[in-house]
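In our numbering, the protein residues as written are 2 to 416.
A short worksheet on the structure shown next.
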Amino acid sequence: MADKEKESRELKNAPSQPEAAQEQAVKPIDSPPEGEQNVKIPEILPLLPIRDVVIFPYMIIPLFVGRENSVAAVNESLSKDRMIMLATQKNSADENPGPEQLFEMGTAGMIMRMLRLPDGRVKILIQGLNRARVKEFLQKAPFYQVRIELLEETPVKEVTVEIQALMRNIKENLEKMIQMGRLISPDLLMVLESITDPGRFCDLIAANIGMSVEDAQKLMQILDPVPRLHKLYEIITREMELLEVQAKIQNQAKEEMTKTQREYYLREQLRAIQKELGEVDEKAQEVAEFREKIEKCKMPKEAEEEALKQLKKLETMHPDAVETSWVRGYLEWMVELPWSKSTHDNLDIKRAEEILNQDHYDLDKVKERILEYLSVRKLHPRMKGPILCFVGAPGVGKTSLGQSIARAMGRTFIR
Numbered sequence: 002m003a004d005k006e007k008e009s010r011e012l013k014n015a016p017s018q019p020e021a022a023q024e025q026a027v028k029p030i031d032s033p034p035e036g037e038q039n040v041k042i043p044e045i046l047p048l049l050p051i052r053d054v055v056i057f058p059y060m061i062i063p064l065f066v067g068r069e070n071s072v073a074a075v076n077e078s079l080s081k082d083r084m085i086m087l088a089t090q091k092n093s094a095d096e097n098p099g100p101e102q103l104f105e106m107g108t109a110g111m112i113m114r115m116l117r118l119p120d121g122r123v124k125i126l127i128q129g130l131n132r133a134r135v136k137e138f139l140q141k142a143p144f145y146q147v148r149i150e151l152l153e154e155t156p157v158k159e160v161t162v163e164i165q166a167l168m169r170n171i172k173e174n175l176e177k178m179i180q181m182g183r184l185i186s187p188d189l190l191m192v193l194e195s196i197t198d199p200g201r202f203c204d205l206i207a208a209n210i211g212m213s214v215e216d217a218q219k220l221m222q223i224l225d226p227v228p229r230l231h232k233l234y235e236i237i238t239r240e241m242e243l244l245e246v247q248a249k250i251q252n253q254a255k256e257e258m259t260k261t262q263r264e265y266y267l268r269e270q271l272r273a274i275q276k277e278l279g280e281v282d283e284k285a286q287e288v289a290e291f292r293e294k295i296e297k298c299k300m301p302k303e304a305e306e307e308a309l310k311q312l313k314k315l316e317t318m319h320p321d322a323v324e325t326s327w328v329r330g331y332l333e334w335m336v337e338l339p340w341s342k343s344t345h346d347n348l349d350i351k352r353a354e355e356i357l358n359q360d361h362y363d364l365d366k367v368k369e370r371i372l373e374y375l376s377v378r379k380l381h382p383r384m385k386g387p388i389l390c391f392v393g394a395p396g397v398g399k400t401s402l403g404q405s406i407a408r409a410m411g412r413t414f415i416r
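Written as structure tokens, this is what we have:
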């Protein structure tokens, strides 16, 4: 086992790499003698709930422990044989997970180093030793103490050609993932070259590629190395497909951006060439025509300022932009309004009543309201009265009423 521990130390899990510079400050705890081949793991151990990571056998990782009951579990472990049960929380946001909130299968591990921090937390370097299942919670305060069952892998009688091919495919996919930008240490591939045991192969990869807790826990719970290898291949293949789709989306976005920038550059070049040749730019001509129409319309000051503001926006916008058509439509509507044209209102109430009766049968209340409106306009010509609004389903006479009012008042009807 000492040989395996030495081998596992060659490759640290990704989270442990930033801590390398601090290892000199970590207080070492005496390690087992180099010649000791078997570490005896007690049946009863303190339990350390961990978040966002599944610790596999032979995995070495630094952990920051801050919760009061977790620190107590670490202290209990250090006061005895440094053995501790590691179980991952089902919900990482839970600050005080109960027994039902922990996966029952985890890893029995050993605390290799420890450092007490000024803020009361404890930093430990821990190594996974053996898969284990929590059989019973013996104590819940001040820390969890559990009875565990050590789990042994199903022996692989022969590493068949199929298993070898599967392991090779997984390594090739890992190489592709690294090439596609996935943050995986290249040292992992070097270490995998010397590993022939399928179970050890799976656990080492699962511990070092940053997979989700759900996927890692599924691998943790498969004791037979061959099905575990197939599950790992399935997870990595799915991850490869996601990376390929992600790369495709990024390339498409990059191509679209490049295409837009190229079109803009070419249009600017075309504009400069047209200017040099004395040719008229269609867009500049359109802007000039709108400006001339705005000046001829004799709009009120506020309306003219808004129209010129929108015209300036149109001048700077890309011709193919969606908003360009909206601004152009708004300006066309503004210049078509009869700002400086007016007619003299004919406010003959009797004539208006006759026209309304000729054009519409019934609708007495509506016609009465229209005549009231005209009467008020006749008595107070300078008063800005309300604007009549006809509301109703299609075909009930809203448009024809407007036509009748226009005919009665001598106005031009515009729909």
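For every residue, glycine included, the Cβ atom is placed at its ideal position computed from N, Cα and C.
By Cβ distance below 6 Å, which residues in the same chain neighbour ASP82 in space, the five residues on each side in sequence not counted?
By one-based count along the sequence shown, residue 82 stands at place 81. Nothing meets the Cβ criterion.
Once you ignore the five residues that flank GLU150 on each side, which residues in its own chain have a CB closer than 7 Å to its CB?
In the sequence shown, residue 150 corresponds to position 149, counting from 1. Once the five neighbours on either side are set aside, the close Cβ partners of GLU150 are ALA133, ARG134, LYS136.
Using the C-alpha atoms, what's the distance from ALA74 back to ARG114?
The sequence position of residue 114 within the sequence shown is 113, counting from 1. The sequence position of residue 74 within the sequence shown is 73, counting from 1. Those two C-alpha atoms are separated by around 15 Å.
On the CB-based measure, 16 or more other CB atoms within 10 Å of its CB, does GLY182 come out buried or exposed?
By 1-based counting over the sequence shown, the position of residue 182 is 181. The residue in question, GLY182, is exposed, as its Cβ has fewer than 16 Cβ neighbours within 10 Å.
Can the beta-carbon of ALA88 be found less than 9 Å from the beta-carbon of GLY107?
Position 87 of the sequence shown, counted from the first residue, corresponds to residue 88. Position 106 of the sequence shown, counted from the first residue, corresponds to residue 107. Yes, these two residues count as a Cβ contact at 9 Å.
Cross-strand partners of MET84 (DSSP beta bridge)
Taking the sequence shown and counting its residues from 1, the one referred to as residue 84 is at position 83. DSSP, once it has assigned bridges, lists MET111 as partnering MET84.
Report buried or exposed for LEU126, applying the criterion of at least 16 other Cβ atoms within 10 angstroms of its Cβ.
For the purposes of this step, residue 126 is identified with residue 125 of the sequence shown, where counting begins at 1. LEU126 comes out buried.
From the DSSP output, which residues share a beta bridge with LEU149?
Start at 1 with the first residue of the sequence shown, and residue 149 comes out as number 148. According to the sequence shown, residue 149 is Ile rather than Leu. DSSP, once it has assigned bridges, lists VAL135 as partnering ILE149.
Measure the beta-carbon distance from MET168 to LEU230 and round it to whole angstroms, keeping in mind my assumption that it falls under 8 Å.
As a first step, residue 168 must be located in the sequence shown, where it is residue number 167. As a first step, residue 230 must be located in the sequence shown, where it is residue number 229. At roughly 7 Å, the Cβ-Cβ gap stays under 8 Å, so MET168 and LEU230 are in contact.
Quick check: ILE350 and LYS368, are their CB atoms within less than 9 Å of each other?
For the purposes of this step, residue 350 is taken as residue 349 along the sequence shown, with counting starting at 1. For the purposes of this step, residue 368 is taken as residue 367 along the sequence shown, with counting starting at 1. No, the pair does not count as a contact, with Cβ atoms beyond the cut-off.
Can you have a look at ASP120 and say buried or exposed, based on whether 16 or more other CB atoms are within 10 angstroms of its CB?
On the sequence shown, residue 120 is found 119 positions in, with the first residue counted as 1. So ASP120 counts as exposed.
Tell me the rounded alpha-carbon separation between PHE138 and GLU257.
If you number the sequence shown from 1, residue 138 lands on position 137. If you number the sequence shown from 1, residue 257 lands on position 256. When rounded, the distance between both Cα atoms is 59 Å.
Using the beta-carbon count (16 or more within 10 Å), is PRO156 buried or exposed?
Counting from 1 along the sequence shown, the entry for residue 156 is found at position 155. The residue in question, PRO156, is exposed, as its Cβ has fewer than 16 Cβ neighbours within 10 Å.
Going by the CB atoms, is the gap between GLY110 and GLN128 shorter than 9 Å?
Within the sequence shown, numbered from 1, the residue matching residue 128 stands at position 127. Within the sequence shown, numbered from 1, the residue matching residue 110 stands at position 109. Taking 9 Å as the Cβ cut-off, GLN128 and GLY110 qualify as a contacting pair.
Quick one, which of GLU235, GLU269, PHE414 has its alpha-carbon nearest SER343's?
For this step, residue 343 is matched to residue 342 along the sequence shown. The shortest C-alpha separation from SER343 is found at PHE414.
Inter-residue Cα distance where the pair is ILE164 and LEU224:
The residue you call residue 164 lines up with position 163 of the sequence shown. The residue you call residue 224 lines up with position 223 of the sequence shown. So the alpha carbons of these two residues sit roughly 16 Å apart.
Nearest CA to the CA of PHE65: which residue from PRO395, LYS124, LYS314?
Counted from its first residue, the sequence shown places residue 65 at position 64. Ranking the options by Cα distance to PHE65, first place goes to LYS124.
Can you give me the start and stop residues for the alpha helix (DSSP H) that LEU189 sits inside?
The residue you call residue 189 lines up with position 188 of the sequence shown. Unbroken alpha helix (DSSP H) run through LEU189: 188 to 193.
So, at 6 Å on beta carbons, what are the nonlocal neighbours of ALA407 in its own chain, with the 5 sequence-adjacent residues on each side left out?
As a first step, residue 407 is located in the sequence shown; it is residue number 406 there, counting from the start. Excluding positions up to five away in sequence, the list reads PHE414.
Along the alpha helix (DSSP H) that carries PRO199, what are the first and last residues, could you check?
By one-based count along the sequence shown, residue 199 stands at place 198. From DSSP, the alpha helix (DSSP H) with PRO199 extends over 199 to 209.
Just confirm the distance between the C-beta atoms of LEU175 and LEU184, as a whole number of angstroms; I'd bet it's less than 8 Å.
Position 174 of the sequence shown, counting from 1, holds the residue named residue 175. Position 183 of the sequence shown, counting from 1, holds the residue named residue 184. Contact flag wrong, Cβ pair sits at about 12 Å.
Going by beta carbon distance, what residues of the same chain come within less than 7 Å of LEU375, once the five residues before and after it are set aside?
Indexing the sequence shown from 1 puts residue 375 at position 374. Hits under 7 Å: LEU348, ILE350, ALA353.
What separation, rounded to the nearest whole angstrom, lies between the Cα atoms of LYS399 and LEU389?
For this step, residue 399 is matched to residue 398 along the sequence shown. For this step, residue 389 is matched to residue 388 along the sequence shown. About 11 Å.
When burial is assigned at 16 or more other CB atoms within 10 Å of the CB, is ASP216 buried or exposed?
Reading the sequence shown from its first residue, position 215 is the one you call residue 216. Burial call: buried.
Determine the burial state of TYR266: buried for a count of at least 16 other Cβ atoms within 10 Å of its Cβ, exposed for fewer.
Along the sequence shown, read from residue 1 onward, the residue named residue 266 stands at position 265. Label assigned to TYR266: exposed.
Residue environment, ASP204, which counts as buried when at least 16 other CB atoms sit within 10 Å
Position 203 of the sequence shown holds residue 204. Result: buried.
Could you name the residues of the same chain whose beta carbon sits closer than 8 Å to that of ARG263, not counting the 5 residues immediately before and after it, in chain order?
The residue you call residue 263 lines up with position 262 of the sequence shown. None.
Exposure label - MET384; buried when at least 16 CB within 10 Å
Locating residue 384 in the sequence shown gives position 383, counting from the first residue. Exposed, since its Cβ has fewer than 16 Cβ neighbours within 10 Å.
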